[in-house]
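Remarks on the structure that follows.
Residue numbers (my numbering): 178 to 727.
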């Protein structure tokens, strides 16, 4: 429910702050006093686009802030989905800057206008006699039927299953296309695949191949250098080895005298071992190195093949060619394998389709089950609202395709008078009649389903007498289940509110300001009396006002 409203520097409002309670709140005021300004400010904080002309003082920003209590609404998922902090008491704020830019906040976190608007729809439902066309839309009609029929969980399952069905269907189409492409390009892809297989390079190491090629290409030069090294070892190293042995002996003696020299002795020993190992490696290489023109030619051919394949497949490494090979394998999968995959998916598709049809049947059954009682109750209420001869028909017919909420089409038909025909609501009802139908539907719905705060903007225009009393009774009873606001010009309705606010204008130094005041019992009595008898309050008007308030 809306517990508080703060408006600053908006339209004709300097600053106002009001608190609200649950139940029915009535708002009255003379024509032109600024009741529409309140609705405009409220609409702004709920996501309506801002207009620079709405700022009263163009040098300062305009602020509209609402506090909502969310205990009765299941809005935690919405807050989590939009990364917002959830609180049972939530603050929504809209600021319009002098530059024309606007900012929106939910619990002090900046949000987009789309998020603000989405939340606003879940918190307040605003109706005026000039904005009743939504009732003729299928979406609104389904909202009514589904709320009363308690189809929410079935529709959620249907949506989830339908998305799964669509995904499988798209996958089948994708595989069928791949199968067709595979058949069409099979020969070419198979040629490329075999070429890669026959090249025998997919498991090769290009770096090793190039190293072997360098060695075999320069065997004579390498052998000559290795021979010189071995000659050096065999001749010139004799004297060096004798000196090296003497160095080792002296370091060994030093290490025995002082442990400080042990690390140096160990290092010189390691050098000796390493030099012996190097000699053995040189000896191995010179004994095993020989010219092999056949192997050199094979390696050269393989390297050329690798680079040719790199160019052909736009690859930079053998790993890239392996990836090309895998892709070609996928493209040359036999149609039998595609057929197997498609058949499995088609079985799953049929399973999901059966579940969808089952859910659609349940949804349709629940919707149709509540229609007789809804029509009967609706006609009874409309009769009490001055539409004595109104008859309603609600039909649910099967759709040829699956829709967003099932497989039903809905139509609300009205016969407003005796002798007339049933017509769709958009053709068969006036604005005033649509307002009464909305009130009746919302009244019925409020007893079965938790609704957001609702605000009626003079939907009682054009009615009087007993009908106005009945409208007042309906709104008052709705207030037992939810928070209801009504902007009214009828004293019978104004007197029923748990709270009564008056909108009025003040004039000071050529400046007009709109204000909103919570009336006390005395002020309320005078306001109702004025609504009954005019600005000059008579004794009879006051007595009648007391009667209405009691």
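Note that beta-carbon positions come from the ideal geometry of N, C-alpha and C, so glycine has one too.
Quantities reported herein were computed from a predicted structural model and do not represent experimental measurements.
Does the distance from the C-beta atom of residue i to that of residue j stay below 8 angstroms?
{"i": "residue 670", "j": "residue 636", "result": "no"}
{"i": "residue 292", "j": "residue 232", "result": "no"}
{"i": "residue 498", "j": "residue 386", "result": "no"}
{"i": "residue 466", "j": "residue 399", "result": "yes"}
{"i": "residue 321", "j": "residue 664", "result": "no"}
{"i": "residue 510", "j": "residue 352", "result": "no"}
{"i": "residue 584", "j": "residue 328", "result": "no"}
{"i": "residue 660", "j": "residue 325", "result": "no"}
{"i": "residue 341", "j": "residue 577", "result": "no"}
{"i": "residue 370", "j": "residue 536", "result": "no"}
{"i": "residue 599", "j": "residue 570", "result": "yes"}
{"i": "residue 640", "j": "residue 212", "result": "no"}
{"i": "residue 330", "j": "residue 486", "result": "no"}
{"i": "residue 705", "j": "residue 672", "result": "yes"}
{"i": "residue 378", "j": "residue 483", "result": "yes"}
{"i": "residue 463", "j": "residue 403", "result": "yes"}
{"i": "residue 200", "j": "residue 656", "result": "yes"}
Give me, in chain order, the residues of the same chain whose beta-carbon lies closer than 8 angstroms to that of residue i; leave out the 5 immediate sequence neighbours on both sides.
{"i": "residue 220", "result": "303"}
{"i": "residue 362", "result": "508"}
{"i": "residue 442", "result": "425, 428, 429, 431, 432"}
{"i": "residue 476", "result": "386, 389, 390, 393"}
{"i": "residue 188", "result": "211, 214, 217, 218, 231, 233, 691"}
{"i": "residue 602", "result": "312, 313, 589, 590, 591, 611, 614"}
{"i": "residue 262", "result": "256, 284, 286"}
Which residue wins for smallest C-alpha separation from residue i, given the options the options?
{"i": "residue 190", "options": "215, 573, 202, 178", "result": "215"}
{"i": "residue 676", "options": "510, 698, 625, 685", "result": "698"}
{"i": "residue 478", "options": "609, 383, 634", "result": "383"}
{"i": "residue 286", "options": "271, 626, 537", "result": "271"}
{"i": "residue 779", "options": "267, 619, 552, 561", "result": "Absent from the structure is residue 779, since the part of the chain shown begins at 178 and ends at 727."}
{"i": "residue 708", "options": "206, 182, 179, 267", "result": "206"}
{"i": "residue 421", "options": "446, 436, 566", "result": "446"}
{"i": "residue 620", "options": "562, 566, 267", "result": "562"}
{"i": "residue 184", "options": "238, 230, 200, 476", "result": "238"}
{"i": "residue 301", "options": "634, 724, 364", "result": "634"}
{"i": "residue 209", "options": "450, 682, 723", "result": "682"}
{"i": "residue 654", "options": "623, 645, 632, 684", "result": "623"}
{"i": "residue 181", "options": "266, 614, 403", "result": "266"}
{"i": "residue 332", "options": "726, 581, 713", "result": "581"}
{"i": "residue 317", "options": "644, 630, 615", "result": "615"}
{"i": "residue 418", "options": "282, 397, 448, 395", "result": "448"}
{"i": "residue 257", "options": "455, 249, 283, 538", "result": "283"}
{"i": "residue 566", "options": "517, 555, 650", "result": "555"}
{"i": "residue 575", "options": "727, 484, 593, 534", "result": "534"}
{"i": "residue 638", "options": "631, 547, 667, 658", "result": "667"}
{"i": "residue 336", "options": "488, 540, 278", "result": "540"}
{"i": "residue 728", "options": "491, 573, 403", "result": "The shown model of the chain, from 178 to 727, leaves out residue 728, and the question about it has no answer."}
{"i": "residue 560", "options": "396, 631, 644, 436", "result": "644"}
{"i": "residue 739", "options": "658, 596, 586, 545", "result": "Nothing can be reported for residue 739: it is not among the residues displayed for the chain, which extend from 178 to 727."}
{"i": "residue 260", "options": "288, 538, 250", "result": "288"}
{"i": "residue 549", "options": "719, 493, 568", "result": "568"}
{"i": "residue 646", "options": "716, 593, 725", "result": "725"}
With a CB to CB cut of under 7 angstroms and the five nearest residues on each side skipped, what residues in its chain are close to residue i?
{"i": "residue 751", "result": "The shown model of the chain, from 178 to 727, leaves out residue 751, and the question about it has no answer."}
{"i": "residue 345", "result": "522, 525, 526, 529"}
{"i": "residue 532", "result": "338"}
{"i": "residue 629", "result": "299, 300, 301, 302"}
Just to check my reading of the structure: residue i and residue j have Cβ atoms closer than 8 angstroms, yes? What is that Cβ distance to the nearest angstrom?
{"i": "residue 294", "j": "residue 224", "result": "3 angstroms"}
{"i": "residue 606", "j": "residue 558", "result": "Rounded, the Cβ-Cβ distance is 15 angstroms, inconsistent with contact."}
{"i": "residue 186", "j": "residue 228", "result": "Not quite, the Cβ-Cβ distance comes to about 14 angstroms (not below 8 angstroms), so this is no contact."}
{"i": "residue 390", "j": "residue 480", "result": "6 angstroms"}
{"i": "residue 202", "j": "residue 609", "result": "Wrong, their Cβ atoms sit about 23 angstroms apart, outside the cutoff."}
{"i": "residue 298", "j": "residue 255", "result": "Going by Cβ atoms, the distance from residue 298 to residue 255 rounds to 11 angstroms, so no, they are not a contact pair."}
{"i": "residue 632", "j": "residue 662", "result": "4 angstroms"}
{"i": "residue 381", "j": "residue 495", "result": "6 angstroms"}
Going by beta carbon distance, what residues of the same chain come within less than 6 angstroms of residue i, once the five residues before and after it are set aside?
{"i": "residue 222", "result": "241, 243, 269, 271"}
{"i": "residue 721", "result": "709"}
{"i": "residue 367", "result": "509"}
{"i": "residue 700", "result": "none"}
{"i": "residue 702", "result": "722"}
{"i": "residue 452", "result": "none"}
Taking 8 angstroms as the cut-off, does the stretch 691 to 707 touch the stretch 192 to 206 (at least 3 CB pairs, one atom from each stretch)? yes
Quick check: the stretch 404 to 413 against the stretch 453 to 460, are there 3 or more CB pairs under 8 angstroms? As far as the Cβ criterion goes, the stretch 404 to 413 touches the stretch 453 to 460, which means the pair count is three or higher.
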